[in-house]
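A.B. asks: In the working numbering, the protein residues as written are 1 to 328.
My questions all concern the structure below.
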Amino acid sequence: MSASDILVLAETPRGNLSGMVAELLGAARSLATATGGQVIAVLLSNDGTPFVSGLQGADRIVLVNHPSLAEYSPLPFLAALQAVIQAQTPRAVLIGSTSIGWDIAPLLAARLNAPLALGCQQISIQDGQLAATCSLCGGKMLAEVRIQQAPAILMVLPGNFAPANTPGKAHLETFSPPVELSGGDSAGVVFRQWILPPPGDIDITTQTILVGVGRGIQQKENLEPIQQLAEILGGAVCASRPIVDQGWLPTTRQVGKSGMTVKPKLYLALGISGAPEHVEGMSGSDLIIAVNTDPKAPIFDIADYGVQMDLMDLVEPLTQAIQAKKAR
Numbered sequence: 001m002s003a004s005d006i007l008v009l010a011e012t013p014r015g016n017l018s019g020m021v022a023e024l025l026g027a028a029r030s031l032a033t034a035t036g037g038q039v040i041a042v043l044l045s046n047d048g049t050p051f052v053s054g055l056q057g058a059d060r061i062v063l064v065n066h067p068s069l070a071e072y073s074p075l076p077f078l079a080a081l082q083a084v085i086q087a088q089t090p091r092a093v094l095i096g097s098t099s100i101g102w103d104i105a106p107l108l109a110a111r112l113n114a115p116l117a118l119g120c121q122q123i124s125i126q127d128g129q130l131a132a133t134c135s136l137c138g139g140k141m142l143a144e145v146r147i148q149q150a151p152a153i154l155m156v157l158p159g160n161f162a163p164a165n166t167p168g169k170a171h172l173e174t175f176s177p178p179v180e181l182s183g184g185d186s187a188g189v190v191f192r193q194w195i196l197p198p199p200g201d202i203d204i205t206t207q208t209i210l211v212g213v214g215r216g217i218q219q220k221e222n223l224e225p226i227q228q229l230a231e232i233l234g235g236a237v238c239a240s241r242p243i244v245d246q247g248w249l250p251t252t253r254q255v256g257k258s259g260m261t262v263k264p265k266l267y268l269a270l271g272i273s274g275a276p277e278h279v280e281g282m283s284g285s286d287l288i289i290a291v292n293t294d295p296k297a298p299i300f301d302i303a304d305y306g307v308q309m310d311l312m313d314l315v316e317p318l319t320q321a322i323q324a325k326k327a328r
């Protein structure tokens with residue numbers, strides 16, 4: 001253990017290792033390289049063994065196995081994580097900006113009397129201090145903060161850090177927290193069940209190609225040719241919030257701060273202006289191509305390629321060109 005180590009909370013919602021964990025490990029690795037410490041991944045579960053293979057980007061993996069940690073519940077998770085941090089004394093604790101992260105990070109900071117930085121887009125060590133660039137007000141403002149106190153609790157925004165890709169042989173150890181993890185009704189807040197959206201729609205977070213639509217499509221009828229384009233590309237249609245608010249697409253297709261975070265290989269943004277709330281959900285895409293009539297649309301600031309034109313003048317010719325190429 002060392003005051004220069006970086007600790008990562010590895011979430012396993014619904015029995016799956018969170019896709020954000022690789023990003024957290026990547027961010028932790030860059031910090032640990034600067035501090036001279038190690039990257040420590042913490043798994044809180046009933047049995048964390050199946051998830052170990054996904055955490056080889058860490059130097060050490062700390063398993064806390066307990067029946068009360070089978071599903072997320074704030075008090076048992078908080079007690080276990082607090083005990084691990086107090087035993088490991090890291091420089092910083094990285095937690096994803098997920099529903100679980102938003103629940104547990106503020107509680108953890110209060111318990112430890114530790115500084116808490118939200119919406120971290122960049123994290124580094126500058127002049128021996130922990131420095132972070134934090135997104136505020138849905139991305140409309142950025143705050144530069146320096147943190148001296150350890151441990152610092154950092155909530156990391158998805159899509160801002162390269163995933164850890166260093167295959168390693170992380171040292172595995174188990175940890176028994178020196179506290180009784182309350183379970184059952186005595187916990188105050190108790191997990192009962194996952195309530196998921198009704199089946200039938202696609203999961204846009206798993207798509208490698210997404211065609212995103214915004215106000216620029218103008219009318220619902222224009223969704224049909226865009227759907228055809230998405231199908232010929234082998235992808236799916238998603239949307240910014242205004243489209244969902246009008247009922248043109250279901251909430252399962254919404255991308256952004258109040259929707260889904262997606263990271264496809266290709267994100268084709270049609271008629272999307274690029275509001276910070278939407279960008280927060282898709283900025284991690286490998287390739288972003290934007291089509292908009294407004295040359296000053298903010299979406300062009302993050303796009304790899306941009307086209308200034310009416311999207312409806314592009315959709316059908318592009319669909320036909322792709323169909324023709326596939327027919328060869």
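For each residue, glycine too, the CB sits at the ideal point set by N, CA and C.
Just so we're clear, the structure is a prediction, and the values are computed from it rather than from any experiment.
#1: What residue from E277, S45, D301 and P295 has the CA that sits closest to I288's CA?
#2: So the alpha helix (DSSP H) A324 belongs to, where does it begin and stop?
#3: Applying the 10 Å Cβ sphere with the 16-neighbour rule, what's the burial state of R241?
#4: Note the first and the last residue of the continuous beta strand (DSSP E) segment covering Q129.
#5: Going by Cα to Cα distance, which pick from E71, A28, G57 and D304 is closest to Q193?
#6: Which residues in the same chain have their Cβ closer than 7 angstroms to the Cβ of D103, if we skip the five residues on either side of it in sequence?
#7: Does the separation of the CB atoms of G96 and G284 fall below 7 angstroms?
#8: Could you check whether the Cβ of P74 sits closer than 7 angstroms to any Cβ belonging to chain B?
#9: So, helix, strand or coil for T12, using DSSP?
#10: Do V237 and Q246 have their CB atoms nearer than 7 angstroms?
#11: Can you find the residues in the same chain that come closer than 8 angstroms, C-beta to C-beta, to V255, ignoring five residues on each side of it along the sequence?
#12: Please go through the same chain and pick out, in chain order, the residues whose beta-carbon is closer than 6 angstroms to the beta-carbon of G184, but skip the five residues on each side of it.
#13: Which of helix, strand or coil does DSSP assign to D301?
#14: Quick one: grab the DSSP three-state call for G259.
#15: Go ahead and pull the three-state DSSP assignment for T205.
#16: Less than 7 angstroms between the beta carbons of A10 and P163, yes or no?
#17: Under three-state DSSP, which class holds S285?
#18: Answer yes or no: do L152 and A92 have a C-beta to C-beta separation smaller than 7 angstroms?
#19: What does DSSP give as the partner residue(s) for M141 in the beta ladder?
#20: When you compare each of Y305, A3 and T319 to Q149 by their alpha carbons, which one comes out closest?
#21: Quick check: the segment 120 to 127 against the segment 37 to 47, are at least 3 beta-carbon pairs closer than 8 angstroms?
#22: Evaluate R146 with the Cβ neighbour count: other Cβ atoms within 10 Å of its Cβ, from every protein chain shown; 16 or more gives buried, anything less gives exposed.
#23: By DSSP's criteria, S45 is part of a beta bridge. Which residues make up the other side?
#24: Look up E173 in the DSSP assignment and say whether it is helix, strand or coil.
#25: E231 to L268, Cα distance in whole Å?
C.D. replies: Taking the geometry as given:
#1: D301
#2: M312 to A327
#3: buried
#4: Q129 to L136
#5: E71
#6: P74
#7: no
#8: Of the protein chains in this structure there is only one, and it is not chain B.
#9: coil
#10: no
#11: I204, L210, G212, C238, A239, S240, T261, V262, H278, G281 and M282
#12: Note that G184 has pLDDT 49, beneath the 50 cutoff, so the model's placement of it is unreliable and no number is given.
#13: helix
#14: coil
#15: helix
#16: no
#17: coil
#18: Looking at the sequence shown, residue 152 is not Leu but Ala. The answer is yes: Cβ separation under 7 angstroms.
#19: L136
#20: A3
#21: no
#22: exposed
#23: N65
#24: strand
#25: 13 angstroms
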